[in-house]
Amino acid sequence: MQHFLGDINYHYYIIYPPVFLQDYHIWWDRRSQSRPLSLQYTCLLAIICACALQHVENATEKALERELGDTMDVVSDQLHAAMRELASVIPVGHYHYLNVQRLLHSCYWYKAEAKFLEAWHVLSAAILEANELGYHKEPARGTVSEFDLEMRRRLWCILDTWDWQISSGLSRPKIIHRADCDAELPELTLEGHIVSPLQHMKMQSGLTRQLASRFSAPKNIISPCEVQEYKAIIEKWVDDFPPEYAFENPDTSKDDKCAWLFSHRFYVYTMACLLILNPIRHYMVKQYTWNSDPDELNIRSVGVWYSLKLMKTLRRWVDKIYNRDGRLHFIIFSIFDTAAILCTAILKDTEYTISNRADVLASIGDAVDMLKKLNTISKTSKTSYDILERLVRRLPESVPRRDLERQVKRARVNIRSPPPSGPTQHERSLVPQVSTPVVPPPAAVAATNRFERPLAEPIAAAPLPTAPMPNSMVAPIPAQLAHQTMATQHVNYSNNGTSEYENQEMPQNVGYISFNDPGMSISSHFADEPQASQRWPSGSESLPPPPMDEHTRPSFTTINNPTGLGSGIYQQQIVDPGPEFDIENLTTAQMGELAPLWTWHSENLDFANMAPPTPGPNGYSRPM
Numbered sequence: 001m002q003h004f005l006g007d008i009n010y011h012y013y014i015i016y017p018p019v020f021l022q023d024y025h026i027w028w029d030r031r032s033q034s035r036p037l038s039l040q041y042t043c044l045l046a047i048i049c050a051c052a053l054q055h056v057e058n059a060t061e062k063a064l065e066r067e068l069g070d071t072m073d074v075v076s077d078q079l080h081a082a083m084r085e086l087a088s089v090i091p092v093g094h095y096h097y098l099n100v101q102r103l104l105h106s107c108y109w110y111k112a113e114a115k116f117l118e119a120w121h122v123l124s125a126a127i128l129e130a131n132e133l134g135y136h137k138e139p140a141r142g143t144v145s146e147f148d149l150e151m152r153r154r155l156w157c158i159l160d161t162w163d164w165q166i167s168s169g170l171s172r173p174k175i176i177h178r179a180d181c182d183a184e185l186p187e188l189t190l191e192g193h194i195v196s197p198l199q200h201m202k203m204q205s206g207l208t209r210q211l212a213s214r215f216s217a218p219k220n221i222i223s224p225c226e227v228q229e230y231k232a233i234i235e236k237w238v239d240d241f242p243p244e245y246a247f248e249n250p251d252t253s254k255d256d257k258c259a260w261l262f263s264h265r266f267y268v269y270t271m272a273c274l275l276i277l278n279p280i281r282h283y284m285v286k287q288y289t290w291n292s293d294p295d296e297l298n299i300r301s302v303g304v305w306y307s308l309k310l311m312k313t314l315r316r317w318v319d320k321i322y323n324r325d326g327r328l329h330f331i332i333f334s335i336f337d338t339a340a341i342l343c344t345a346i347l348k349d350t351e352y353t354i355s356n357r358a359d360v361l362a363s364i365g366d367a368v369d370m371l372k373k374l375n376t377i378s379k380t381s382k383t384s385y386d387i388l389e390r391l392v393r394r395l396p397e398s399v400p401r402r403d404l405e406r407q408v409k410r411a412r413v414n415i416r417s418p419p420p421s422g423p424t425q426h427e428r429s430l431v432p433q434v435s436t437p438v439v440p441p442p443a444a445v446a447a448t449n450r451f452e453r454p455l456a457e458p459i460a461a462a463p464l465p466t467a468p469m470p471n472s473m474v475a476p477i478p479a480q481l482a483h484q485t486m487a488t489q490h491v492n493y494s495n496n497g498t499s500e501y502e503n504q505e506m507p508q509n510v511g512y513i514s515f516n517d518p519g520m521s522i523s524s525h526f527a528d529e530p531q532a533s534q535r536w537p538s539g540s541e542s543l544p545p546p547p548m549d550e551h552t553r554p555s556f557t558t559i560n561n562p563t564g565l566g567s568g569i570y571q572q573q574i575v576d577p578g579p580e581f582d583i584e585n586l587t588t589a590q591m592g593e594l595a596p597l598w599t600w601h602s603e604n605l606d607f608a609n610m611a612p613p614t615p616g617p618n619g620y621s622r623p624m
């Protein structure tokens, strides 16, 4: 119970600890006196124990297994099954606040098991129970105490957020009929915390209500203008983040007192990118030509940029996780889904209209490395890694892999170096070396970037030449706005001539991001390293923003240094791709628990039947 209240409960803060502990002591007193116990509270207690056993620390897992006589997974599953059987005897019509909390924790349990369909059905039951209790409506003034009103609003805030997220992820209809809802957001002032553990859910609930009132559901966001409007709403939401959650230079001074801030910060970062990408995915997996609609090409460039940003965010989160966290499958699927979409974009880009392919390939390689690190934690993570690795083998270019280069270096050390004389020499041989990027000569850069960009000059310190951007991707600027445009920084999502993957820190103005500052060149190092600041030009007027996870303390077990990861990006050796592999033809059995989430994304992944490419502006299908 201490582990649950001190760590797991802070993930979504479904339980208000003072009231729960008061009922907990009453429950034990009545049990010790052999008096009747509350059925609703007993069920809630059972599911809380089941959730706690899902996330037992490695240090105590063996001791608990000896005491309980089985593995944590088995005992947790037995407790959850016992809870469901016990709850089935609650008479129909006996609605209770504790029932809503129990169903929410059951939904959380299914999510942690990667059983998303079951989680959606249990969430539906929780929402219906809350509806019967009237939590979706604001009660008449004076009929409910301020405390009870706050508790109602908190539960509805979580239900509201999960309904949008889980229903959208499964392409299922929304459970909540929002036209009949007027419940306000919670105040979050009861505990006296500097930052409430429920703040991140309140932020998301406010956004989902705004999106639902405008678009009803993500599936209704189709046209380019609707996508741009939807994206602008989320970017404005990001702009209004509290200082503790700011995308750029967050205030980490409160992390010591609020241990949940670290994980919540990365949770909302990831959710912001995923929400923006939801309606853009369909544009990213389409096949384009040099004469395709410029609006659609621009939307795809936006999607590629946010995919790279999402991968960077997930890398920083994954580097701090080595045990089974409650949001692990959310992280795993975000990595897998984003990387698979990027792979499909590359496979369908037969005419090489994606200007920053090197950055996309580097991001895909990093996704494979992240899933490889996590693939022993659960069956879902292993399935994700296996499928993505097979898909990557179909890419036309080799993918940079840091773990592969580290293994090659180890082999070279073992072959060419004399036997180590002591531990110090052995340790030195395992330290990964940072590779120096090869800067092309000015003539090569000039030849590569022969298409002019009207908004800004390319950054001079680009480590890799990129493919030119076709003229159709550059939107013309009205003459009356040209002088204003030239004086203002803009988002350059295509980022022609610049290594996109090296510029993943979010600038201070999220309205939105500009890579056009000649003094801006952000390090490609994923871990927090002192060398990162050396990548900035000496003439830069401002120092680089500190990494987002600097001086933070996570609410789950962390490691100081990423395990088994090199510090540079290296080129993958060419391997035999094996038999032909089409991800769109995967069976439900092969996808496992990922199938419900993946099905709705795979409708455009028909790259097996792609038409041959048409010649580009220079007569070649590939930019020369």
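For the record, in the sequence shown the residue sitting at position 444 is 444 according to UniProt numbering, with numbers rising by one throughout. Where a beta carbon is used, it is the ideal one built from N, C-alpha and C, also for glycine.
At the level of alpha carbons, what is the spacing between residue i and residue j?
i	j	result
Gly169	Trp317	21 angstroms
Ser171	Leu274	14 angstroms
Pro279	His177	22 angstroms
Ser76	Ala46	9 angstroms
Arg394	Val89	53 angstroms
Leu123	Glu132	14 angstroms
Tyr306	Ile166	21 angstroms
Asp148	Leu190	11 angstroms
Met67	Arg214	According to the sequence as given, residue 67 is Glu; it is not Met. Taking the straight line from one Cα to the other gives about 54 angstroms.
Leu5	Ile15	8 angstroms
Ala246	Ala50	34 angstroms
Pro242	Trp28	41 angstroms
Ala59	Val227	48 angstroms
Gly303	Gly69	49 angstroms
Leu155	Pro400	45 angstroms
Pro17	Gln2	11 angstroms
Glu85	Arg281	41 angstroms
Leu64	Trp109	19 angstroms
Asn249	Arg265	12 angstroms
Measuring CA to CA, which of the options is closest to residue i?
i	options	result
Arg390	Lys373, Lys379 and Ile364	Ile364
Gln204	Asp182, Ile234 and Val227	Ile234
Asp23	Gln33, Asn9, Ser38 and Gly303	Ser38
Trp260	Tyr10, Ile158 and Thr353	Tyr10
Cys43	Ala345, Ala119 and Leu79	Leu79
Thr383	Val368, Pro396 and Glu397	Val368
Cys343	His329, Leu308, Phe330 and Lys372	Leu308
Ser106	Val392, Ala81 and His3	Ala81
Glu129	Ile354, Pro17, His96 and Lys254	His96
Gln101	Val19, Leu328, Ile331 and Ala345	Val19
Leu328	Ser292, Met370 and Pro294	Met370
Gly206	Ile158, Asn220, Ile221 and Lys231	Ile158
Using 10 angstroms around the beta-carbon of residue i, count the other beta-carbons present and answer buried if the total reaches 16, otherwise exposed.
i	result
Arg31	exposed
Leu198	buried
Pro218	buried
Ala362	buried
Ser533	Residue confidence for Ser533 is low, a pLDDT of 30 falling below 50, so the modelled location carries little weight; the figure read from the coordinates is stated next. Burial call: exposed.
Ser381	buried
Asn298	buried
Ser145	exposed
residue 626	Outside the shown range of the chain (1 to 624) lies residue 626, about which nothing can therefore be said.
Thr376	exposed
Arg74	Arg is not the amino acid found at residue 74; the sequence shown has Val there. Label assigned to Val74: exposed.
Asn99	buried
Glu229	exposed
Ser355	buried
Asp251	exposed
Thr563	In this prediction, Thr563 has a pLDDT of 38, which is less than 50 and means its spatial position is unreliable; what the coordinates show is noted afterwards. Classification of Thr563: exposed, given that the 10 Å Cβ count is below 16.
Ala140	exposed
Can you find the residues in the same chain that come closer than 8 angstroms, C-beta to C-beta, to residue i, ignoring five residues on each side of it along the sequence?
i	result
Ala212	Trp164, Lys174 and Arg178
Pro310	A quick correction: the sequence has Leu, not Pro, at residue 310. These residues qualify, in order along the chain: Thr270, Cys273, Leu274, Leu277, Ser334 and Thr338.
Glu296	Pro224, Tyr283, Lys286 and Tyr288
Glu61	Met72
Please go through the same chain and pick out, in chain order, the residues whose beta-carbon is closer than 7 angstroms to the beta-carbon of residue i, but skip the five residues on each side of it.
i	result
Lys257	Ile194
Thr208	Asp160, Thr161 and Trp164
Pro210	In the sequence on display, residue 210 carries Gln and not Pro. These residues qualify, in order along the chain: Ile233.
Lys254	Ile194, Val195, Glu244 and Leu261
Which same chain residues end up closer than 6 angstroms to residue i when comparing Cβ atoms and leaving out the 5 residues on each side of it in sequence?
i	result
Leu103	Val122, Ala125 and Ala126
Met151	none
Cys181	His136
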